Structures are given as structure tokens and as C-alpha cells.
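Going by full-length UniProt numbering, the residue at position 96 of the sequence shown is 98; the numbering climbs one at a time, nothing skipped.
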Amino acid sequence: RRIVVLISGSGSNLQALIDALNTPALPDAQITLVFSNRKAAYGLQRAENANPSIPTAYKALQPYLKSNPGKTREDYDAEVAKIVVKEKPDLIVLAGWMHILSERFLELIDGRKAVVEDDGVEVRHNIQVINLHPALPGAFDGAHAIERAYEAFQKGDIQQSGCMVHRVVKDVDAGEPVVVREVPIEKGEPLEEFEQRLHKVEHQIIVEAAAKVLNEAKPAQTA
Ligand code: GRF
């Protein structure tokens, strides 16, 4: 099964997926492309260092807008979608991906839509898209979720937080959860400690979710 991973930063969750390839945790899968919206994302290095190395690509939003006056963020998202779909993926994993994808991306990717290949042949994919989010469903949607959960704990508003992998749908972080894991916050522990424990759990659930979704997915059909 073909996986494309989208990253923006260190790529520790990408690394977890790489390490799980060809193990019982993630059998019969290959990562055919790692794409980043940031040239400096260390995750691109991780892909290149993998054995065998994994093809990488990046395209940053601001330079794209500057060199394509008149183009919009939606056009950028459509570009990203085309780069990704070329890989004929069964699964797209947003792992530490810090860019809200507009509907244009989903329209081009959305599992059952036909995608016209360069040679004009219409190829139909059942593409699944999942996203890792470092909070429990509906708790701290959007950015800085870890810090916001930690502050809520300090105020006594919550006892624990967690992380989840959910399907990507049009409203941010609101897709159906695939894997959810609670992570307690210890009284008096510094944010960094909680964050480290949470990241370790993320590395587990990203692999579990990828395996689960690939097992459920129908094999891709051609038109
Ligand atoms: C993770 O907490 C992820 O959930 C968030 O970015 C953090 C770093 O991810 N979106 P990675 O190390 O780049 O995979």
C-alpha cells in the first residue's frame, strides 16, 4: 500500500512511520513521498536518511504566492494535491503538518473523486486522508493544542489530555477519529515533560491509525 506523508517540522511522527515499515505494525506499506511546506523541515532529512531513502518534495506557500502573482492559497493547495495524487497513494498522512488545507485540496483528493492523470487517463483512487492532532477530539482544536491543554490542567479545568488521529474533512480537526489515546498530565510536572510523554504516544497512534485505515481501505480501482 502506498503512503504519502505531509510534514512541516521535525518529522518525529514521520520517523515513527518509517521505523514501522515492513514490521508487523505496518506490513505491506511503502512511503512513496514525503512532502513539506517548509524547505527547512528536518523531516525531509529523515526521509533522505531512510534506508532505502524516500523521495521528498517541498513547496512553501509564501514563495509560491510571490512568484505566482494572482494565485491564491487555494491554488497552492491544488498544487500540493496534484503533487500528492501523482503518487497514486492509498493513504495521505498529515504528520506534524501545520497548514490548514482548504477545500480545494480535499476536492482534488477526496477519496472517490476521479483524478485525471497527465496522459488524460482517468484513474479512480480510494485515497484516505488522516491527520494527527495532539489533543482529544473536540477539546483543543487548532494550533498550540498541547500548551492550551497544559494551561487548562493548571487551572483545574481538565484532568488529562491526549492525542488522536482523525480523518480529514472540510472543517479543521473535526473529522471522525480513527485512534484516540488519553495522556494524563501529572501534577506539578513541567510542560516539557508532559509534551515528551505526549509525543511518545503520538508516535504509537500514528502507526496504529495508518495500519487501521489501510486495512479498512478498499484496493484502489482504475476506471
Ligand atoms: C506533533 O505534536 C504534532 O501533533 C504537531 O506537531 C508536533 C511535531 O510533530 N502537529 P513532528 O515531530 O514534526 O512529527
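A virtual CB, placed ideally from N, CA and C, is assigned to each residue, including glycine. These figures come from a predicted structure and were not determined experimentally.
Q.
Once DSSP output is grouped into helix, strand and coil, what is the label at GLN130?
A. Counting from 1 along the sequence shown, the entry for residue 130 is found at position 128. Strand at GLN130.
Q | Start and end residues, beta strand (DSSP E) containing ILE94 | A | Translated into positions along the sequence shown, residue 94 becomes position 92. That run of the beta strand (DSSP E) goes 93 to 96.
Q. What three-state label does DSSP hand ARG40 in the structure shown?
A. In the sequence shown, the residue the question calls residue 40 occupies position 38. Reduced to three states, the DSSP call for ARG40 is coil.
**Q.** Stretch-stretch touch, CB-based, cutoff 8 Å, three pairs: the region 72 to 86 with the region 196 to 203
**A.** no
Q: Would you check whether ligand 1 has a heavy atom nearer than 8 Å to the C-beta of residue 240?
A: Since the displayed the chain opens at 3 and closes at 225, residue 240 lies outside it and no answer follows.
(Q) List, from N- to C-terminal side, the beta strand (DSSP E) runs of 3 residues or more that fit wholly inside the UniProt domain "Formyl transferase N-terminal" (129 to 211). (A) 130 to 135, 162 to 169, 179 to 186
Q) Apart from the five residues on each side of it in sequence, which residues of its chain come closer than 6 Å, Cβ to Cβ, to ALA147? A) The residue given as residue 147 occupies position 145 in the sequence shown. Within the same chain, ALA147 has close Cβ partners PRO136, ALA137.
Q: Might you give, ordered along the chain, the residues of its own chain that have their beta carbon closer than 6 Å to the beta carbon of LEU193, omitting 5 neighbours on each side?
A: Residue numbering aside, residue 193 sits at position 191 when the sequence shown is read from its first letter. Once the five neighbours on either side are set aside, the close Cβ partners of LEU193 are TYR152.
**Q.** Contact test: HIS168 Cβ vs ligand 1 heavy atom, cutoff 8 Å
**A.** Walking along the sequence shown from the start, residue 168 turns up at place 166. No, since every heavy atom of ligand 1 falls outside the 8 Å radius drawn around the Cβ of HIS168.
Q. How many angstroms separate the CA atom of ASN53 from the CA atom of GLN47?
A. Start at 1 with the first residue of the sequence shown, and residue 53 comes out as number 51. Start at 1 with the first residue of the sequence shown, and residue 47 comes out as number 45. Straight-line Cα distance between these residues: approximately 12 Å.
**Q.** Whole-Å CB distance - ILE9 paired with GLY98, under 8 Å assumed
**A.** For the purposes of this step, residue 9 is identified with residue 7 of the sequence shown, where counting begins at 1. For the purposes of this step, residue 98 is identified with residue 96 of the sequence shown, where counting begins at 1. Between GLY98 and ILE9 the Cβ distance is about 5 Å, and since that is below 8 Å, they are a contact.
Q: Give the single residue among LEU35, LYS61, TYR44 whose Cα lies nearest to the Cα of LEU93.
A: Sequence index remark: in the sequence shown, residue 93 carries index 91 (1-based). If we check each option's Cα against that of LEU93, LEU35 comes out closest.
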